Amino acid sequence: MINKQVQSPAKAVEDIFDGATVMIGGFGEAGSPIELIHALIDQGAKGLTVVSNNCGSGEVGLAALLKAQRVAKVVCSFPRTANSTVFPDLYHSGKIELELVPQGTLAERIRAGGAGIPAFFTPAAVGTPLAECKESRVFDGKEFVMERGLKADFALIKGKLADTHGNVVYNKTARNFGPIMAMGSKVAIVQVERVVEPGEIDPEIVVTPGIFTDRVVEVANPAHESALVAAGVCYP
Amino acid sequence: MINKQVQSPAKAVEDIFDGATVMIGGFGEAGSPIELIHALIDQGAKGLTVVSNNCGSGEVGLAALLKAQRVAKVVCSFPRTANSTVFPDLYHSGKIELELVPQGTLAERIRAGGAGIPAFFTPAAVGTPLAECKESRVFDGKEFVMERGLKADFALIKGKLADTHGNVVYNKTARNFGPIMAMGSKVAIVQVERVVEPGEIDPEIVVTPGIFTDRVVEVANPAHESALVAAGVCYP
Amino acid sequence: MTQPTNTTGWTREQMAQRLAQDIPNGSYVNLGIGIPELVAKFVPEGRTLIYHTENGLLGMGPSPAEGQGDPELINAGKRHVTANPGAAFFHHADSFSMIRGGHIDLCVLGAMQVSKDGDLANWSTGEPDAIPAVGGAMDLVAGVKSVYVITQHCTKTGDPKLVDSCTYPLTGRGVINRIYTDLAVIDVTPDGFRLVELSPGVEFEYVQQRTGAPLLPIQ
Amino acid sequence: MTQPTNTTGWTREQMAQRLAQDIPNGSYVNLGIGIPELVAKFVPEGRTLIYHTENGLLGMGPSPAEGQGDPELINAGKRHVTANPGAAFFHHADSFSMIRGGHIDLCVLGAMQVSKDGDLANWSTGEPDAIPAVGGAMDLVAGVKSVYVITQHCTKTGDPKLVDSCTYPLTGRGVINRIYTDLAVIDVTPDGFRLVELSPGVEFEYVQQRTGAPLLPIQ
Numbered sequence: 237m238i239n240k241q242v243q244s245p246a247k248a249v250e251d252i253f254d255g256a257t258v259m260i261g262g263f264g265e266a267g268s269p270i271e272l273i274h275a276l277i278d279q280g281a282k283g284l285t286v287v288s289n290n291c292g293s294g295e296v297g298l299a300a301l302l303k304a305q306r307v308a309k310v311v312c313s314f315p316r317t318a319n320s321t322v323f324p325d326l327y328h329s330g331k332i333e334l335e336l337v338p339q340g341t342l343a344e345r346i347r348a349g350g351a352g353i354p355a356f357f358t359p360a361a362v363g364t365p366l367a368e369c370k371e372s373r374v375f376d377g378k379e380f381v382m383e384r385g386l387k388a389d390f391a392l393i394k395g396k397l398a399d400t401h402g403n404v405v406y407n408k409t410a411r412n413f414g415p416i417m418a419m420g421s422k423v424a425i426v427q428v429e430r431v432v433e434p435g436e437i438d439p440e441i442v443v444t445p446g447i448f449t450d451r452v453v454e455v456a457n458p459a460h461e462s463a464l465v466a467a468g469v470c471y472p
Numbered sequence: 237m238i239n240k241q242v243q244s245p246a247k248a249v250e251d252i253f254d255g256a257t258v259m260i261g262g263f264g265e266a267g268s269p270i271e272l273i274h275a276l277i278d279q280g281a282k283g284l285t286v287v288s289n290n291c292g293s294g295e296v297g298l299a300a301l302l303k304a305q306r307v308a309k310v311v312c313s314f315p316r317t318a319n320s321t322v323f324p325d326l327y328h329s330g331k332i333e334l335e336l337v338p339q340g341t342l343a344e345r346i347r348a349g350g351a352g353i354p355a356f357f358t359p360a361a362v363g364t365p366l367a368e369c370k371e372s373r374v375f376d377g378k379e380f381v382m383e384r385g386l387k388a389d390f391a392l393i394k395g396k397l398a399d400t401h402g403n404v405v406y407n408k409t410a411r412n413f414g415p416i417m418a419m420g421s422k423v424a425i426v427q428v429e430r431v432v433e434p435g436e437i438d439p440e441i442v443v444t445p446g447i448f449t450d451r452v453v454e455v456a457n458p459a460h461e462s463a464l465v466a467a468g469v470c471y472p
Numbered sequence: 093m094t095q096p097t098n099t100t101g102w103t104r105e106q107m108a109q110r111l112a113q114d115i116p117n118g119s120y121v122n123l124g125i126g127i128p129e130l131v132a133k134f135v136p137e138g139r140t141l142i143y144h145t146e147n148g149l150l151g152m153g154p155s156p157a158e159g160q161g162d163p164e165l166i167n168a169g170k171r172h173v174t175a176n177p178g179a180a181f182f183h184h185a186d187s188f189s190m191i192r193g194g195h196i197d198l199c200v201l202g203a204m205q206v207s208k209d210g211d212l213a214n215w216s217t218g219e220p221d222a223i224p225a226v227g228g229a230m231d232l233v234a235g236v237k238s239v240y241v242i243t244q245h246c247t248k249t250g251d252p253k254l255v256d257s258c259t260y261p262l263t264g265r266g267v268i269n270r271i272y273t274d275l276a277v278i279d280v281t282p283d284g285f286r287l288v289e290l291s292p293g294v295e296f297e298y299v300q301q302r303t304g305a306p307l308l309p310i311q
Numbered sequence: 093m094t095q096p097t098n099t100t101g102w103t104r105e106q107m108a109q110r111l112a113q114d115i116p117n118g119s120y121v122n123l124g125i126g127i128p129e130l131v132a133k134f135v136p137e138g139r140t141l142i143y144h145t146e147n148g149l150l151g152m153g154p155s156p157a158e159g160q161g162d163p164e165l166i167n168a169g170k171r172h173v174t175a176n177p178g179a180a181f182f183h184h185a186d187s188f189s190m191i192r193g194g195h196i197d198l199c200v201l202g203a204m205q206v207s208k209d210g211d212l213a214n215w216s217t218g219e220p221d222a223i224p225a226v227g228g229a230m231d232l233v234a235g236v237k238s239v240y241v242i243t244q245h246c247t248k249t250g251d252p253k254l255v256d257s258c259t260y261p262l263t264g265r266g267v268i269n270r271i272y273t274d275l276a277v278i279d280v281t282p283d284g285f286r287l288v289e290l291s292p293g294v295e296f297e298y299v300q301q302r303t304g305a306p307l308l309p310i311q
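Protein chains in written order, with this note's numbering: chain V, 237 to 472; chain Y, 237 to 472; chain P, 93 to 311; chain F, 93 to 311.
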């Protein structure tokens, strides 16, 4: 008997420790695991390194986690957002460190971390400030920069549906970083609208096989970041 | 209007040229695109480099292509097969070159080729004869060997169902190398049991997005290698 | 070089329309945010393009009707979009494999500066107080087969955007193939900028004066 | 060291049964071809293991009834298998990401030789006329968290398989954690081979005589 379901977001994130590296899924609001992030705010872990494509908007979800000053460093491709002053304020006051990574390099580093690849070469960023101080090398007459695989202690991910073995399917473009962050993290925590029994998801359509998933938690009606921001919600 | 369907296996492989590198999908008989291989035998291209996990069985499919002496070199993880003397005979008589690659390294090299990654590091084969003469490097105290991405001119792949845009789904463990070979080849040719209109495959369950596929061809009732071998078939 | 924004030449829509003529049927295309997005509206009848958005969708369709959007079906600009028949969803590593692996035929981007060697600067002014943010631009220019820029010929203050060498931080080195501006279509060649076409009523000298490097005549 | 194959100790089934006791509930397991496959039959009641086969299936079930096999649902040994509820299919690069990335808890393999340093040789005799074939063995030993060997203690000609250093070409260096033979369970430790358990009726000296490197006593 294998059952990876946990009963609440709070339970799902209870062992995230101070200083942990946490991958957080989502591209903009699509795929942002808001309920898991809010549970992490409640839980109190601090000094975190967050790996995420963006830095959230308004003062909910990821932006609220930053606002609460729980994050020492973000590894991110696009921390600027129209509707948030949280990251800019922290950045300008020197309260948060930023490692800026091209989006495709970020994705590939996460996948590499999960696939046991310690380093790989990419043409992205060659000749730009983001490749300064990085090892570069010519293959077949073209220059590439070496990038390292990226691993995290935890990942917070939003799926659509999961079974108790941890097989996950996603919703549309909310898939984005979820599958690779499940691979790249030691403990992948996935919130889904519904958890079902093994056998209820066709093995041909599983996107994240259960081996990459450690905990699934049901959030039947997940909030949408844009709706919360429009309503002026500030968490907590 | 985009329509990648071609009318016959013969038409699908007509421009494969002498000396081309051809990736051929399949693990054992599962996913082996027998009808495309037979069309390639009929077509006559020679001096090929074949990238494939195995070397076929009996004297049909891939084994028949080897037997016809169209293949100068195989890049392969497991060329030994219970039911075939074709590869051993060619190998012992010096008529074929073998590049032996660990299976996971082979898969990752093909994916890397398709993903624009010219090289990566893997722990597989470190300290073994297969890593001799290869560059190695220590990351975080552990030794890794550098492997190069692998690209092909063509790929021959067996799917289950495709649409005219080239989106493909597979059948069970016949999926194996198909999706990555579609990525790693310039011209990916996929045989499927049925070609449908765009929209008939749910975008959530597409395994190979159409961008990786160049031609799809219907083979309604594909032969199974084991059945042909059991029946004593020798192609052509 | 500081002069009022010119009122001569193509409008943004006309620039997009001009570019759209040059995209072959069946191309896989990634359109950047801003003017590049306009290109989709002007694809000639009878041609089908397949749009890739790097956040995991191939076969992106137009924006949905007001109020019909799905917050989990968005494009790289985070705007609501739709999925056309024949679409596919995939994760970010697969999406950037399409980009980095050279599977996308064309990418259209905005620019702050393009150099005569095809260098592009479009992600940062390099000002110390700016929040750096790069997104997928560096991956796109490094991986996509052809990279076109669509931009006003000069900045709002009248400075040329086509320059001898970029002063802003680079997005990529030697990556731009062609530039569509309000004044002209210009190729980046091994010899530098070469004029392909002038917008109606605009003369070569007028464009040369507003270009920060020598402009070769139409070949 | 050449002596008849011993008739003392565990049978193949008993070796598999002994190994099966040591696999925790919920483990992700990859079983090699041959004796390793027997392990699945002996998993204690109440424990669920999830079997990975490197050709793209997690949640592999037992062989189907005779004649019920699907030629496109096979395991790494190319035998017909089934898919349990909760299974998933995936492609080869994903499958070896599970292996190389350390996501699989345990791999059980056969061996030609294991050295006191945990080196494994199980893919080639190194003979010049042999057809080299490696499959996924090198990836498995390099990536899986724990790698157990299950093997007869000696070769058919009575030579030890547990050796000071391997004479056959290596599959991996320092990769084996534990060895289950017909005579004993033996750990590979920084100090060399250490006895964990003797099979019933077998004595320490008997095993030591048939082991090509010093055997440390049970700790």
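Ideal Cβ positions, reconstructed from N, Cα and C, are used throughout, including at glycine. Just so you know, these numbers come straight off a predicted model, no measurement behind them.
(message) With a threshold of 8 angstroms between beta carbons, is valine 220(Y) in contact with chain F?
(response) One cannot answer for residue 220(Y) here, as it falls past the ends of chain Y, which runs 237 to 472.
(message) For chain P, check one thing: does any of its Cβ atoms lie closer than 8 angstroms to the Cβ of serine 313(V)?
(response) Taking the first sequence and counting its residues from 1, the one referred to as residue 313(V) is at position 77. Put simply, the CB of serine 313(V) is near chain P, with a gap under 8 angstroms to one of its CB atoms.
(message) Against chain P, which members of the region 393-414 of chain Y pass a CB distance test of less than 7 angstroms?
(response) When CB distances to chain P are screened at a threshold of 7 angstroms, the residues of the region 393-414 of chain Y falling below it are Asp399, His401, Asn403, in chain order.
(request) Answer yes or no: does any C-beta atom of chain Y fall closer than 8 angstroms to that of threonine 42(F)? (result) This structure leaves residue 42(F) out entirely; chain F is present only between 93 and 311.
(message) Between which two residues does the alpha helix (DSSP H) holding arginine 286(F) run?
(response) The residue given as residue 286(F) occupies position 194 in the fourth sequence. Run containing arginine 286(F): none in the alpha helix (DSSP H); it sits in the beta strand (DSSP E), 284-290.
(request) Report the neighbours of glycine 352(Y) on chain V: residues whose CB is nearer than 8 angstroms to its CB, in chain order. (result) Taking the first residue of the second sequence as 1, we reach residue 352(Y) at position 116. Neighbours of glycine 352(Y) on chain V, chain order: Thr358, Pro359.
(message) I need the boundaries of the beta strand (DSSP E) containing proline 177(P), first residue and last residue.
(response) To locate residue 177(P), count along the third sequence from 1; it is residue 85. 174-181 is the extent of the beta strand (DSSP E) around proline 177(P).
(request) State the Cα-Cα distance for the pair glutamine 160(P) and glycine 267(V), rounded to the nearest angstrom. (result) In the third sequence, residue 160(P) corresponds to position 68, counting from 1. In the first sequence, residue 267(V) corresponds to position 31, counting from 1. If I take the Cα positions, the gap works out to 19 angstroms.
(message) With a threshold of 8 angstroms on Cβ separation, who are the neighbours of isoleucine 223(P) within its own chain once the five nearest residues in sequence on each side are excluded?
(response) The sequence position of residue 223(P) within the third sequence is 131, counting from 1. Nothing listed; no residue qualifies.
(message) Taking 8 angstroms as the cut-off, does the region 433-449 of chain Y touch the region 365-377 of chain Y (at least 3 CB pairs, one atom from each stretch)?
(response) no
(message) Within 8 angstroms of any Cβ in chain F, is that where the Cβ of valine 242(V) sits?
(response) By one-based count along the first sequence, residue 242(V) stands at place 6. Not an interface residue.
(message) Taking 7 angstroms as the limit between beta carbons, can you name the residues of its chain near leucine 130(F), skipping five residues before and five after?
(response) Looking up residue 130(F) in the fourth sequence gives position 38. Arg104, Glu105, Ala108.
(request) Kindly identify the DSSP beta-bridge partner or partners of aspartate 399(V). (result) Translated into the one-based positions of the first sequence, residue 399(V) becomes position 163. According to DSSP, aspartate 399(V) bridges with Val432(V).
(request) Round the Cβ separation of cysteine 199(P) and leucine 232(P) to the nearest angstrom and send it over; I've been treating them as touching at under 8 angstroms. (result) Residue numbering aside, residue 199(P) sits at position 107 when the third sequence is read from its first letter. Residue numbering aside, residue 232(P) sits at position 140 when the third sequence is read from its first letter. With a Cβ gap of about 5 angstroms, cysteine 199(P) and leucine 232(P) count as contacting.
(request) Thinking glutamate 440(Y) and threonine 400(Y) are a contact (beta carbons under 8 angstroms), I'd like their distance in whole angstroms, please. (result) On the second sequence, residue 440(Y) is found 204 positions in, with the first residue counted as 1. On the second sequence, residue 400(Y) is found 164 positions in, with the first residue counted as 1. The Cβ separation is near 19 angstroms, so there is no contact.
(message) Excluding the 5 residues flanking lysine 282(V) on each side, which residues of the same chain have their C-beta closer than 7 angstroms to its C-beta?
(response) Position 46 of the first sequence, counted from the start, is the residue given in the question as residue 282(V). The residues Asp254, Arg306, in chain order, have a CB closer than 7 angstroms to that of lysine 282(V) in the same chain once the five nearest residues on each side in sequence are set aside.
(request) Would you verify that the beta carbon of valine 442(Y) is, or is not, closer than 8 angstroms to some beta carbon of chain P? (result) Taking the second sequence and counting its residues from 1, one reaches residue 442(Y) at position 206. For valine 442(Y), the answer is yes, since a Cβ of chain P falls inside 8 angstroms of its Cβ.
(message) Just to confirm the assignment, what range does the alpha helix (DSSP H) spanning lysine 282(Y) have?
(response) To locate residue 282(Y), count along the second sequence from 1; it is residue 46. No alpha helix (DSSP H) holds lysine 282(Y); DSSP gives it neither H nor E.
(request) Classify proline 96(P) as buried or exposed, calling it buried when 16 or more other Cβ atoms lie within 10 Å of its own Cβ. (result) Looking up residue 96(P) in the third sequence gives position 4. Note that proline 96(P) scores 44 on pLDDT, short of 50, meaning its location in the model is unreliable and no value can be drawn from it.
(request) Kindly indicate which three-state DSSP category phenylalanine 188(P) falls into: helix, strand or coil? (result) Locating residue 188(P) in the third sequence gives position 96, where the first residue counts as 1. Phenylalanine 188(P): helix per DSSP, three-state reduction.
(message) Tell me the DSSP secondary structure of methionine 382(Y) in three-state form.
(response) Position 146 of the second sequence, counted from the start, is the residue given in the question as residue 382(Y). Methionine 382(Y): strand per DSSP, three-state reduction.
(message) Is it buried or exposed, aspartate 278(V), if we count other Cβ atoms within 10 angstroms and call 16 or more buried?
(response) In the first sequence, counting from the first residue as 1, residue 278(V) sits at position 42. So aspartate 278(V) counts as exposed.
(request) Count the other C-beta atoms from every protein chain shown that fall within 10 angstroms of the C-beta of arginine 171(F), then say buried if there are 16 or more, exposed otherwise. (result) Here residue 171(F) refers to the residue found at position 79 when the fourth sequence is read from its first residue. With fewer than 16 Cβ atoms within 10 Å of its Cβ, arginine 171(F) is classed as exposed.
(message) As an exercise, report each continuous alpha helix (DSSP H) stretch of at least 4 residues that is fully enclosed by the region 303-329 of chain Y, in chain order.
(response) 322-328
(request) Whole angstroms is fine: what's the gap from glycine 118(P)'s alpha carbon to asparagine 319(Y)'s? (result) For this step, residue 118(P) is matched to residue 26 along the third sequence. For this step, residue 319(Y) is matched to residue 83 along the second sequence. Distance between the alpha carbons of glycine 118(P) and asparagine 319(Y) is about 44 angstroms.
(message) Does chain P have any CB closer than 8 angstroms to the CB of methionine 237(Y)?
(response) Here residue 237(Y) refers to the residue found at position 1 when the second sequence is read from its first residue. Methionine 237(Y) counts as touching chain P.
(message) Rounding to the nearest angstrom, what Cα-Cα distance links glycine 377(V) and methionine 190(P) in this structure?
(response) For this step, residue 377(V) is matched to residue 141 along the first sequence. For this step, residue 190(P) is matched to residue 98 along the third sequence. Near 21 angstroms, if we compare the C-alpha coordinates of methionine 190(P) and glycine 377(V).
(request) In the DSSP assignment, find the unbroken beta strand (DSSP E) run with valine 453(V) in it and report its ends. (result) As a position in the first sequence, residue 453(V) is number 217, starting the count at 1. Per DSSP, valine 453(V) is one residue of the beta strand (DSSP E) stretching across 451-454.
(message) To the nearest angstrom, how far is the alpha carbon of valine 294(P) from that of lysine 208(P)?
(response) Numbered from its first residue, the third sequence carries residue 294(P) at position 202. Numbered from its first residue, the third sequence carries residue 208(P) at position 116. Going from the Cα of valine 294(P) to the Cα of lysine 208(P) covers about 21 angstroms.
(message) Could you compute how far the alpha carbon of alanine 456(V) sits from the alpha carbon of threonine 341(V)?
(response) For the purposes of this step, residue 456(V) is taken as residue 220 along the first sequence, with counting starting at 1. For the purposes of this step, residue 341(V) is taken as residue 105 along the first sequence, with counting starting at 1. The alpha-carbon atoms of alanine 456(V) and threonine 341(V) are separated by roughly 33 angstroms.
(request) Hey, could you find the ends of the alpha helix (DSSP H) glutamate 232(Y) is sitting in? (result) One cannot answer for residue 232(Y) here, as it falls past the ends of chain Y, which runs 237 to 472.
(request) Could you list which residues in chain V have their beta carbon closer than 8 angstroms to that of aspartate 376(Y), in chain order? (result) Along the second sequence, read from residue 1 onward, the residue named residue 376(Y) stands at position 140. The contacting residues are Pro354.
(message) Buried or exposed for glutamine 244(F), going by 16 or more other Cβ atoms inside 10 Å?
(response) Residue mapping note: residue 244(F) aligns to position 152 of the fourth sequence, counting from 1. Flag for glutamine 244(F) reads buried.
(message) Less than 8 angstroms between CB atoms is the rule here; does aspartate 256(P) satisfy it with respect to chain V?
(response) Taking the third sequence and counting its residues from 1, the one referred to as residue 256(P) is at position 164. No, aspartate 256(P) lies away from the interface with chain V (no Cβ there is under 8 angstroms from its Cβ).
(message) Whole angstroms are fine: how far does the CA of arginine 451(Y) sit from the CA of glutamine 243(Y)?
(response) Within the second sequence, the letter at position 7 stands for residue 243(Y). Within the second sequence, the letter at position 215 stands for residue 451(Y). So the alpha carbons of these two residues sit roughly 10 angstroms apart.
(request) Compare the beta carbon distance of aspartate 197(P) and tyrosine 120(P) with 8 angstroms and say whether it is the shorter of the two. (result) Position 105 of the third sequence, counting from 1, holds the residue named residue 197(P). Position 28 of the third sequence, counting from 1, holds the residue named residue 120(P). Cβ atoms of aspartate 197(P) and tyrosine 120(P): closer than 8 angstroms.
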